[in-house]
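Everything on this sheet refers to the single structure shown next.
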Amino acid sequence: MSSNVRTDCFFNLTAEQRFDLFKRRQSLRTDTVYRKYFGWFVLPLALIGAILVTLFIITVYQAIKARRVSRKCYILLLNRAIGDLLSCLVALIVCAYVLLSQKINRDVVPLMETFFTGSFWSAMVSYVALSLLKLFAVWRPFHYRKWFTMKRCINVIILSWVVFILMVSYALGAAALVKIPALNEWSGCRMESCLRTMYRSRNLVTVGVYFFTIIVFVITVLLIQRAQRYVDSFNRDSNNSEGGRRVRFPLWKLALNVATFAILYLLYVIWSIGQLINTDQCYFQRNYPEMTRLLGIVRFGLLLRIIVDPILSFLTDFQIRRGFLFLIGVNNPLSFGSSRIFHRSTCSDSIGENPRNSVERNGRSQTVETNLSTSAPTTIKF
0 MSSNVRTDCF
10 FNLTAEQRFD
20 LFKRRQSLRT
30 DTVYRKYFGW
40 FVLPLALIGA
50 ILVTLFIITV
60 YQAIKARRVS
70 RKCYILLLNR
80 AIGDLLSCLV
90 ALIVCAYVLL
100 SQKINRDVVP
110 LMETFFTGSF
120 WSAMVSYVAL
130 SLLKLFAVWR
140 PFHYRKWFTM
150 KRCINVIILS
160 WVVFILMVSY
170 ALGAAALVKI
180 PALNEWSGCR
190 MESCLRTMYR
200 SRNLVTVGVY
210 FFTIIVFVIT
220 VLLIQRAQRY
230 VDSFNRDSNN
240 SEGGRRVRFP
250 LWKLALNVAT
260 FAILYLLYVI
270 WSIGQLINTD
280 QCYFQRNYPE
290 MTRLLGIVRF
300 GLLLRIIVDP
310 ILSFLTDFQI
320 RRGFLFLIGV
330 NNPLSFGSSR
340 IFHRSTCSDS
350 IGENPRNSVE
360 RNGRSQTVET
370 NLSTSAPTTI
380 KF
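If you count the sequence shown from 1, position 231 lands on 230 in numbering that gives the first Met the number 0, and the numbers rise without skipping.
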């Protein structure tokens, strides 16, 4: 069944409009756009992304299993990587389809794109959860370990994927009402009605997720800085007298990840906002080749974010770098950097501690070391 039978966008066109539409479709055929922007251009990015994300997943899993890192924080980064791997696999499947098919079905690629948004969704869940973890560790440090357990973090991840499956099911159901002839005859849905409503809903969720992630992180940073100023003023005398060090909340690595999320997904969000603002129900169908080419360009930013994040983790996270080098057979990973700033993991279990207790414990440890060095007993009893 022809796609034009399921829409009224191509009826009531003037002769000039029909000629212009035919001329543009001849100069920019849909199959050529698919093979170019969803096939050859995407293939190297998707392959590199799949390899890097797979190595990242293995490295993080081994670090969590060996308890070298904070399990709650890194399980959230692992969740983001799983969504990235899903997107890379979907991109590779689309590449294989558009490059190997003699006649590309324009209904297949948009359906596969629904799964491609898994990286966007998993990144939002991971970054928002990490921001809330850090915020709660400062706001309620004595309840942090009790309330935010590993089991609850896993439950949040499972719930997020259940919500994603429901969103995918909604998209597939709306597409089925339009694409399948029997269901289309029963429902009477058109592309410019049911299917457009589904795409607008998905674009609205995309815009909301994007700004929600950034706003939560910004609020977290502001509240943590406010709490840090309070702790500094409370312990100023103790720091000056006992030589205690100022407690740091390692947010800069999370800020780096959120920055890549905000920058490389910006074009996708602008695309979604443009689709929401446009009130012409038939605009996408009448300009399908051009809009498909623009969507292919937008997808490059999503794949670039998937590639950039594992590289940044390798460069900035000592535990990830050490685990990766051990994975590829390098037995001396410490030689790749000795800066203390890189020896801090992205998340530390110490974020659940009370900053005042950490300062006092530092002072007590210095006192114990001084006493041991001066007394030197001959017999030690345990």
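For each residue, glycine too, the CB sits at the ideal point set by N, CA and C.
- Sequence-distant partners of Thr291 (beyond 5 residues in either direction) whose C-beta falls short of 6 Å from its own C-beta, in its chain, are Val32.
- The residue among Pro288, Arg298, Arg304, Leu293 with its C-alpha nearest the C-alpha of Arg28 is Pro288.
- By the CB criterion at 8 Å, Val137 and Ala254 fall outside the cutoff.
- Residue state for Thr148 is assigned as coil, using DSSP reduced to three classes.
- Note on Ser86: 16 or more other CB atoms within 10 angstroms of its CB, so buried under the neighbour-count rule.
- Counting along the chain, Tyr73 sits inside the alpha helix (DSSP H) bounded by residues 70-99.
- Boundaries cannot be given for Met190, as no alpha helix (DSSP H) includes it and DSSP labels it neither H nor E.
- Secondary structure at Leu255: helix, using DSSP grouped into helix, strand and coil.
- Listed in chain order, the non-local C-beta contacts of Ile310 below 8 Å within the same chain comprise Leu51, local neighbours out to five positions each way being set aside.
- Comparing alpha carbon positions, the residue from Ala170, Val162, Thr13, Ile56 closest to Phe323 is Ile56.
- In the structure shown, Ala62 falls within a helical segment according to DSSP collapsed to helix, strand and coil.
- Taking the CA atoms as reference points, Leu176 sits about 10 Å from Ala170.
- Rounded to the nearest whole angstrom, the CA to CA distance from Gly300 to Asn202 is 16 Å.
- Residue state for Val329 is assigned as coil, using DSSP reduced to three classes.
- In the DSSP assignment, Gln280 falls outside any alpha helix (DSSP H), carrying neither H nor E.
- Collapsing the DSSP output to three states places Lys102 in coil.
- In this structure, Trp270 sits near Val297, with a CB-CB distance shorter than 8 Å.
- Sorting Arg195, Ile276, Met123 by C-alpha distance to the C-alpha of Ile214 places Met123 at the top.
- The Cβ atoms of Thr212 and Lys252 do not sit closer than 8 Å to each other.
- Excluding residues up to 5 positions away in sequence, Ile319, Gly322, Phe323, Leu326 lie with their Cβ nearer than 8 Å to the Cβ of Thr58 in the same chain.
- If you compare the alpha carbons of Arg199, Gly117, Ser312, Leu266 with that of Leu275, the shortest gap goes to Arg199.
- CA-CA distance, Leu302 to Phe260, rounds to 11 Å.
- Comparing C-alpha distances from Thr113 to each of Gly187, Gly38, Tyr143, Leu294 shows the shortest one belongs to Leu294.
- If you compare the alpha carbons of Leu76, Phe37, Tyr73 with that of Leu98, the shortest gap goes to Phe37.
- Within 10 angstroms of the beta-carbon of Arg70 lie 16 or more other beta-carbons, which makes it buried.
- Per DSSP, Leu266 is one residue of the alpha helix (DSSP H) stretching across 265-276.
- Short of 6 Å from the beta carbon of Asp83, and not among the five residues preceding or following it, lie these beta carbons of its own chain, in chain order: Val52, Ser118, Ile305.
- Annotation for Tyr126: the continuous alpha helix (DSSP H) segment containing it runs 117-138.
- Shortest Cα-Cα distance from Phe135 to any of Leu222, Leu158, Gly207 involves Leu222.
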